[in-house]
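Asker:
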Amino acid sequence: MKHSGQKRHFGLLPRIIVAMIAGIGCGFIFPEAIARIFVTFNSLFGNFLSFCIPLIIVGFVVPAIAEIGKRAGKMLVFTALLAYVATFFSGMFSYFVGTLTFPALLSDTAVGVAASESHALQPFFSIDIPPLMSVMTALVVAFVFGLGVAQTDVTSVLRRCFVEMREIIIKVIYTVVIPLLPFYIFGIFMNMTIADEVGPMLITFAKIILVIFAIHIAVLLLQFSVASLFSTTTRNPLKLLWRMMPAYFTALGTQSSAATIPVTLARTKALGVSEGVAGFVVPLCATIHMSGSTLKIVACALALMITQQMPYDTPMFVGFVAMLGITMVAAPGVPGGSIMAALGILSQMLGFTDADNALMIALYIAMDSFGTACNVTGDGALSVIVNRFFGVKKH
């Protein structure tokens, strides 16, 4: 895979962890003048990230819709709907589990985080970089152009323009956003330390990660319980899930659904899925099935809203998860790509600030491997269901 040779030695997650530790340590020793330099950098980088969000949405959603829409067929439509339902269900399941567990788990940190915000340092200066359009405008533009471009010829100029735009945005993420992200996280945790809120937040992180791990195991058990009802080989969901474990552990190591496709494909066939169905569903679901990523984002967002005493309700999260399921399809195949694609609707629909989004990035990347593993393993369950309706006809 591209970009893997140099980054495998010290990937994004280790860099984020180092940045968090260094930020906490420096928060205790840095004088205010030096600390404000990093706060100023965070202000500039946060504005740049906000500027990029609509471009990320348009640059990824339009080609994603265009590439899927032209190949419309019964199996494609069925698989796409199934993947969306699975993604939506995992997000709402995560929300309801969170509403039952987080208020009690996080009650001791909610007041502390909210009370200490006023002690945070301010930047020396700030440069406003207004986005070209709002997040909702970007989503509507992306859907309109995506559906329109899907009906054009593959050699059309407009289609090539959006594909090239996607390549530019990927390059911006690789060469600017990801390299600078650890410094951004460093500044966030340094400022939190100075504001005396880092202790409660680290305890919150640990609790959230434990709950998310439990949720993603539960989602996989539910997915394979449903899949076992459609299986042609066994009605035991644990046997089906066990056969997918090589794909699960491969995804833990690669942190990439695309890089795990060969293993996922082989293990899906071991579930009794026909070669034709597996060859179609697995590569497609590597792009459009995001149960693991969605459940993580929903749980993290809910937890941060609870700790900061932000108002939330079920209708708000139903709309958020519904939009998230669509946005995740356009997530770029880079480390933390899903959370990058979700930043826009986090701000637009949940009212997250730049600091909230930075915490979301740190939390998400800390669990990135498990989300990818959940996505990949769940692809096997969806393949079993699709095979029941389309696989028999192949024989």
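Numbering (my numbering), first residue to last: 4 to 398.
Even glycine gets a Cβ: it sits at the ideal position worked out from N, Cα and C.
1) Mapping the DSSP letters down to three states, classify Ala36 as helix, strand or coil.
2) If you draw a straight line from the C-alpha of Ala69 to the C-alpha of Leu150, how long is it?
3) My output table needs one value for Asp156: the three-state DSSP class, helix, strand or coil.
4) Secondary structure at Phe127, three-state DSSP: helix, strand or coil?
5) Given that a residue counts as buried once 16 or more other Cβ atoms are within 10 Å of its Cβ, and exposed if not, what is Gly322?
6) Taking only three categories from DSSP, how would you classify Leu79?
7) Nearest chain D C-beta to Leu268 closer than 9 Å, yes or no?
8) Output the residue ranges of the alpha helix (DSSP H) runs that lie fully inside the segment 291-350 and measure 4 residues or longer, sorted by chain position.
9) For Gly30, which residues from the same chain have a beta carbon less than 6 Å from its beta carbon, with the 5 sequence-adjacent residues on both sides left out?
10) Output needed for Thr104: all residues of its chain with C-beta closer than 7 Å, excluding positions within five of it in sequence on either side, in chain order.
11) Nearest-angstrom Cα distance between Val324 and Phe91?
12) Flag Thr155 as yes when its Cβ comes closer than 8 Å to any non-hydrogen atom of the ligand SAM, and as no otherwise.
13) Please tell me whether Met78 and Phe283 are closer than 9 Å, where the distance is taken between their beta carbons.
14) Tell me which residues share the same chain as Phe127 and place their Cβ nearer than 7 Å to its Cβ, disregarding the 5 neighbours each side in the sequence.
15) Do you know how far the Cα of Gly62 is from the Cα of Val166?
16) For Ile329 and Gly374, I'd like the C-alpha separation in whole angstroms.
17) Thinking C-beta only, is Met95 closer than 9 Å to Val301?
18) Buried or exposed: which applies to Leu346, given that a residue is buried once 16 or more other Cβ atoms fall within 10 Å of its Cβ?
19) Given a cut-off of 9 Å on the beta-carbon distance, is the pair Val379 and Phe81 in contact?
Answerer: Reading it off the structure:
1) helix
2) 6 Å
3) coil
4) coil
5) exposed
6) helix
7) Absent here is chain D; the protein component of the structure consists of one chain.
8) 294-310 and 317-330
9) Met193, Thr196 and Ile197
10) Val214
11) 6 Å
12) Absence of the ligand SAM from the depicted structure is noted, as is the absence of any ligand whatsoever, leaving it without description.
13) yes
14) Arg39 and Thr43
15) 8 Å
16) 17 Å
17) yes
18) buried
19) no
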